[in-house]
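Chemist:
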Amino acid sequence: MDLILFTILFLAFFLLGETLARFWQPVYSHGLERMVFHTLLGLVTVALVTTALAFAGWVYPATGWIVLAVIFLASAKSWPLLWKDVSALRPALGTFFGKDQTDREFHRFCVLTLAALAVLALILALAPPVKTDALVYHLALPKAYLEHHGVINLPNSMYSFFPLLFEMVFLFAMTFGVESLPALCGLGMAFLLLLGLTIFFRQYLSPRLVWYVPLLFFSTPTFFEISASAYVDLALAGFMFFTFYAWDRWRETRRSYWFFYMAVCAGAAWATKLTGLIVLPLAVLGIVLAGRTDTAPGRVVKQVLIFGGIVVLFMAPWWIRNFLYSGNPFLPLLMPLLGGEDHVNWDAQRALMFDQYVKLFGMGRGLWDMFLLPYNLTFHAEPHSLKFDGRIGIVFFLLIPALIAGLWKPRPARVAALGVFAGVLLLFWFIYFQYVRFLAPAFMALTLLCVAGLDRVTRPRSGEHTSHLPGKIYLGVLALGVLFNVSLIWDTWHQKNPGLYVAGQETRDQYLSRNIPRYPMYRAMNGLDPEAKVLLVYMGNLGYLAERPFHSDSVFEAHTLQAMLARDASPEGLRRQLKNLGITHLMFDRTFVFGKGAAIPPAHQPALHGFLKTRGKLLKQMDDFLFYELVLD
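Taking numbering that gives the first Met the number 0 as reference, the numbering of the sequence shown is continuous, increasing by one, and the terminal residue is 632.
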């Protein structure tokens with residue numbers, strides 16, 4: 000049922016895109032190009048419609064079905080043509096994805112490995128979500144919106160003031176009541192990115208090694224894991240890639256619809272994640288460079304203004320929301336200048352501390368660190384660690400010679416533009432956010448450059464039909480590298496073992512308890528009376544798992560408790576402050592409250608310990624997690 004509904008949703012996205020595209024009658028180089036861009040257009044439109052419905056307070060379980068019915072009715076004229084288009088596309092697919100006669104064994108290896116990874120990703124997406132950021136806000140915020148039928152002020156979640164465009168796709172999926180559907184939609188967007196990369200490479204770079212393009216990107220361990228985990232990083236990478244794709248087509252054809260696609264994708268990128276802002280100056284630079292030979296006065300300025308206007312439309316709802324709830328439209332940014340801390344559980348000091356915390360990730364930001372980056376990313380990166388918090392595997396390191404060959408002269412203008420695009424994104428990442436998953440936008444461009452270079456160095460010599468021996472050896476080494484990456488992916492996948500849940504051999508509670516150490520505590524919290532309200536201290540802020548009201552602090556999860564103890568650590572003072580917040584229970588990780596180097600200062604720990612003895616009733620303890628009922632009356 001889950002996969003059927005997933006297929007219906009993406010069919011609806013495509014049909015909606017088809018219906019909208021009739022207004023400008025676009026022409027594409029291939030039927031697959033049309034399919035990808037129309038599906039993307041439909042997906043973005045549904046995200047915008049869901050945003051409007053959320054602001055209007057019209058998000059209900061029936062909303063998704065109503066929107067779906069409207070889409071199918073509005074696209075009724077496209078139905079008779081759909082089967083005809085599919086029939087016409089089938090022979091073209093054989094030509095497009097035909098067997099690479101120069102490297103048949105490598106081609107077969109790529110197809111089989113990619114298919115295996117796709118199956119593993121689908122199984123992972125069908126299981127309940129367990130990745131932290133999905134539970135904290137990517138799914139927790141849409142869940143809160145659905146429960147309240149629209150946008151709601153969540154002052155204790157700093158993340159709730161981010162732009163949430165792709166979370167609106169998750170919200171739309173949630174209205175159907177199928178838990179796996181948001182993750183499947185995220186995976187569908189990842190598949191759109193992979194297909195887009197493949198089409199772009201096949202149509203505009205090289206007909207060889209086509210299947211290696213999606214395999215190279217998808218076999219990167221961290222990218223694979225987040226593709227099926229209801230994260231938005233690959234959606235961001237997709238929107239940024241399609242921004243470049245549309246710009247490149249507009250640069251060559253000067254068709255206005257490609258310019259429109261570019262602006263829509265750039266706006267969607269920024270509204271998906273704040274780091275997507277970097278695509279805007281790149282797009283403006285692209286517009287200016289493409290207009291160097293334009294003799295019409297002011298046309299480039301007009302194009303930049305139109306581009307900026309479309310992008311602002313994507314961000315406007317989120318700026319309005321932030322202004323209404325905090326007085327600062329750009330929250331959590333610019334707080335020293337525009338304020339907002341009186342209305343939210345966040346402040347400029349914590350924002351600065353968070354920025355310093357983010358800068359701890361990676362292995363340095365100097366020139367020498369940049370030179371060592373390929374080595375450090377390949378051999379020192381670790382998941383759940385300050386060392387990049389993820390893994391890229393070994394294949395990109397093995398492709399460094401191919402990357403150099405791809406960028407070596409003579410190089411087409413398209414390759415040069417890709418090089419600039421990848422370089423700027425990589426530098427931006429290196430300076431600000433050294434998390435592996437944030438590398439996805441840069442690596443989608445590097446993927447194209449590396450495989451284009453690989454085509455150069457393994458291309459058969461004149462008069463030969465297969466790659467020369469050194470080329471075959473290089474491809475063999477790369478195949479072994481892919482298998483190493485797949486082994487890393489398998490280790491993580493097998494540790495979660497979503498197959499047990501999907502096969503019905505494990506319940507949802509069993510799966511979550513096995514993969515989320517704190518889940519049994521949240522389950523105990525969910526058994527409280529609906530009037531209860533729990534103060535969480537270093538319990539991960541896993542709002543998606545909570546079915547009862549709770550109070551928590553973003554990132555620095557002991558802030559509220561620290562402030563209470565600093566104001567008045569006496570038993571009566573703590574009782575009064577907790578009572579004023581409506582807190583009835585306290586759940587915390589003892590390591591971060593009473594342990595060595597705990598967030599609660601040693602001077603305040605005895606007061607808290609004494610308060611829990613006199614005013615607390617221990618309801619549940621599991622390892623270092625404790626759950627107290629507070630007697631405040």
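Even for Gly, the Cβ is constructed at its ideal location relative to N, Cα and C. Since we're looking at a predicted model, the values are computed, not measured.
What residues in its chain sit with their C-beta under 7 Å from that of D389, if we drop five residues either side in the sequence?
Modeler: Position 390 of the sequence shown holds residue 389. The sequence as given places Gly at residue 389; Asp does not occur at that position. Excluding sequence neighbours, G389 sits near T221, A380, P382, Y434, V435, R436.
Chemist: As an exercise, report each continuous alpha helix (DSSP H) stretch of at least 4 residues that is fully enclosed by the region 0-41, in chain order.
Modeler: Counting only runs of 4 or more, we get 1-20.
Chemist: Curious, which full-length beta strand (DSSP E) runs of at least 3 residues does the region 309-370 contain?
Modeler: The qualifying runs do not exist here; there are none.
Chemist: Can you check whether the CB of L208 is closer than 8 Å to the CB of L453?
Modeler: Start at 1 with the first residue of the sequence shown, and residue 453 comes out as number 454. Start at 1 with the first residue of the sequence shown, and residue 208 comes out as number 209. Yes, the pair counts as a contact, with Cβ atoms nearer than the cut-off.
Chemist: Exposed or buried, which one is L581 when buried takes at least 16 other CB atoms within 10 Å?
Modeler: Residue 581 sits at position 582 when you count from the first residue of the sequence shown. Looking at the sequence shown, residue 581 is not Leu but Gly. Exposed, since its Cβ has fewer than 16 Cβ neighbours within 10 Å.
Chemist: Could you tell me the boundaries of the beta strand (DSSP E) in which H584 lies?
Modeler: Looking up residue 584 in the sequence shown gives position 585. Taken as a continuous stretch (DSSP letters only), the beta strand (DSSP E) holding H584 covers 584-588.
Chemist: Enumerate, from N- to C-terminal direction, the unbroken alpha helix (DSSP H) stretches of 4 or more residues contained entirely within the region 199-255.
Modeler: Runs of the alpha helix (DSSP H) inside the region 199-255: 211-217, 220-226, 232-252.
Chemist: Could you tell me the alpha carbon to alpha carbon distance between P162 and V476, rounded to whole angstroms?
Modeler: As a position in the sequence shown, residue 162 is number 163, starting the count at 1. As a position in the sequence shown, residue 476 is number 477, starting the count at 1. Roughly 43 Å between the two C-alpha positions.
Chemist: When the Cα atoms are used, what is the spatial distance from R33 to Y27?
Modeler: Taking the first residue of the sequence shown as 1, we reach residue 33 at position 34. Taking the first residue of the sequence shown as 1, we reach residue 27 at position 28. If you take the alpha carbons of R33 and Y27, they lie about 6 Å apart.
Chemist: Which of the three DSSP states, helix, strand or coil, is assigned to V299?
Modeler: Working through the sequence shown from its first residue, we reach residue 299 at position 300. Helix at V299.
Chemist: Return the CA-CA distance between W82 and L72, expressed in angstroms with no decimal places.
Modeler: Counting from one through the sequence shown, the residue named residue 82 turns up at place 83. Counting from one through the sequence shown, the residue named residue 72 turns up at place 73. Distance between the alpha carbons of W82 and L72: 17 Å.
Chemist: Can you list, in chain order, the residues of its chain with a C-beta nearer than 6 Å to that of G418? Leave out the 5 residues immediately preceding and following it.
Modeler: Residue 418 sits at position 419 when you count from the first residue of the sequence shown. The residues are L406.
Chemist: Along the chain, where does the alpha helix (DSSP H) that runs through L372 open and close?
Modeler: As a working mapping, residue 372 is identified with position 373 in the sequence shown. Unbroken alpha helix (DSSP H) run through L372: 372-378.
Chemist: What residues match up with Y627 in a beta bridge as DSSP calls it?
Modeler: The residue given as residue 627 occupies position 628 in the sequence shown. Bridge partners of Y627: L585, L617.
Chemist: Evaluate contact between the region 1-8 and the region 18-27, counting only Cβ atoms and requiring at least three cross-stretch pairs below 8 Å.
Modeler: Counting Cβ pairs under 8 Å, fewer than three are found: no touch.
Chemist: Does the region 153-168 come within contact of the region 43-55, defined as at least 3 CB pairs closer than 8 Å?
Modeler: The region 153-168 vs the region 43-55: in contact.
Chemist: Under 8 Å between the Cβ atoms of A234 and M188?
Modeler: Residue mapping note: residue 234 aligns to position 235 of the sequence shown, counting from 1. Residue mapping note: residue 188 aligns to position 189 of the sequence shown, counting from 1. In contact: A234 and M188 (Cβ atoms closer than 8 Å).
Chemist: From I634 to G392, what does the alpha carbon distance come to, in whole angstroms?
Modeler: Since the first and last residues shown for the chain are 0 and 632, residue 634 lies out of range.
Chemist: When DSSP labels each residue in this structure, what does H608 get in the three-state scheme?
Modeler: By one-based count along the sequence shown, residue 608 stands at place 609. Helix, per DSSP.
Chemist: Kindly indicate which residue of V592, L371, K578, D588 has the alpha-carbon position closest to the one of R614.
Modeler: Here residue 614 refers to the residue found at position 615 when the sequence shown is read from its first residue. Nearest C-alpha to R614: K578.
Chemist: Grouping DSSP H, G and I as helix and E and B as strand, with all else coil, what is V536?
Modeler: Position 537 of the sequence shown holds residue 536. DSSP places V536 in strand when its eight states are reduced to three.
Chemist: Assuming F587 and V536 make a contact with CB atoms under 8 Å, what is their CB distance in whole Å?
Modeler: The sequence position of residue 587 within the sequence shown is 588, counting from 1. The sequence position of residue 536 within the sequence shown is 537, counting from 1. At roughly 4 Å, the Cβ-Cβ gap stays under 8 Å, so F587 and V536 are in contact.
Chemist: What does DSSP give as the partner residues of F549 in its beta bridges?
Modeler: The residue you call residue 549 lines up with position 550 of the sequence shown. Note: F549 sits in a beta bridge opposite V533.
Chemist: Rounded to the nearest angstrom, what separates K358 and L541 at their Cα positions?
Modeler: Along the sequence shown, one-based indexing puts residue 358 at 359. Along the sequence shown, one-based indexing puts residue 541 at 542. Looking at the two C-alpha atoms, the distance is approximately 24 Å.
Chemist: Report buried or exposed for Q494, applying the criterion of at least 16 other Cβ atoms within 10 angstroms of its Cβ.
Modeler: As a first step, residue 494 is located in the sequence shown; it is residue number 495 there, counting from the start. Under this definition Q494 is an exposed residue.
Chemist: How about Y136: is its C-beta nearer than 8 Å to some C-beta of chain D?
Modeler: In the structure shown, chain D does not exist; there is a single protein chain.
Chemist: What did DSSP end up calling S569 once you bin it into helix, strand or coil?
Modeler: In the sequence shown, counting from the first residue as 1, residue 569 sits at position 570. Correct three-state label for S569: coil.
Chemist: From P252 to F258, what distance separates their C-alpha atoms?
Modeler: For this step, residue 252 is matched to residue 253 along the sequence shown. For this step, residue 258 is matched to residue 259 along the sequence shown. Reading the sequence as shown, one finds Thr at residue 252 and not Pro. Rounded to the nearest angstrom, the two C-alpha atoms are 10 Å apart.
Chemist: For a quick check, are the C-beta atoms of F240 and G285 less than 8 Å apart?
Modeler: Counting from one through the sequence shown, the residue named residue 240 turns up at place 241. Counting from one through the sequence shown, the residue named residue 285 turns up at place 286. No, these two residues do not count as a Cβ contact at 8 Å.
Chemist: Would you call the CB atoms of T38 and G16 closer than 8 Å?
Modeler: Here residue 38 is taken as the residue at index 39 of the sequence shown, counted from 1. Here residue 16 is taken as the residue at index 17 of the sequence shown, counted from 1. Against a cut-off of 8 Å, the Cβ pair of G16 and T38 comes out as a contact.
Chemist: Tell me the rounded alpha-carbon separation between G30 and R522.
Modeler: Residue numbering aside, residue 30 sits at position 31 when the sequence shown is read from its first letter. Residue numbering aside, residue 522 sits at position 523 when the sequence shown is read from its first letter. Approximately 49 Å between the Cα atoms of the pair.
Chemist: Nearest-angstrom Cα distance between S512 and D232?
Modeler: Here residue 512 refers to the residue found at position 513 of the sequence shown. Here residue 232 refers to the residue found at position 233 of the sequence shown. So the alpha carbons of these two residues sit roughly 26 Å apart.
Chemist: What's the C-alpha gap between T531 and H147?
Modeler: As a working note, residue 531 is residue 532 in the sequence shown. As a working note, residue 147 is residue 148 in the sequence shown. Here residue 531 turns out to be Ala, not Thr, going by the sequence shown. Between A531 and H147, the C-alpha separation is close to 18 Å.
Chemist: Does the beta-carbon of W64 have 16 or more other beta-carbons within 10 angstroms, so that it is buried, or is it exposed?
Modeler: Indexing the sequence shown from 1 puts residue 64 at position 65. Burial call: exposed.
Chemist: Could you check what DSSP says for F165 in three-state terms: helix, strand or coil?
Modeler: Counted from its first residue, the sequence shown places residue 165 at position 166. Helix at F165.
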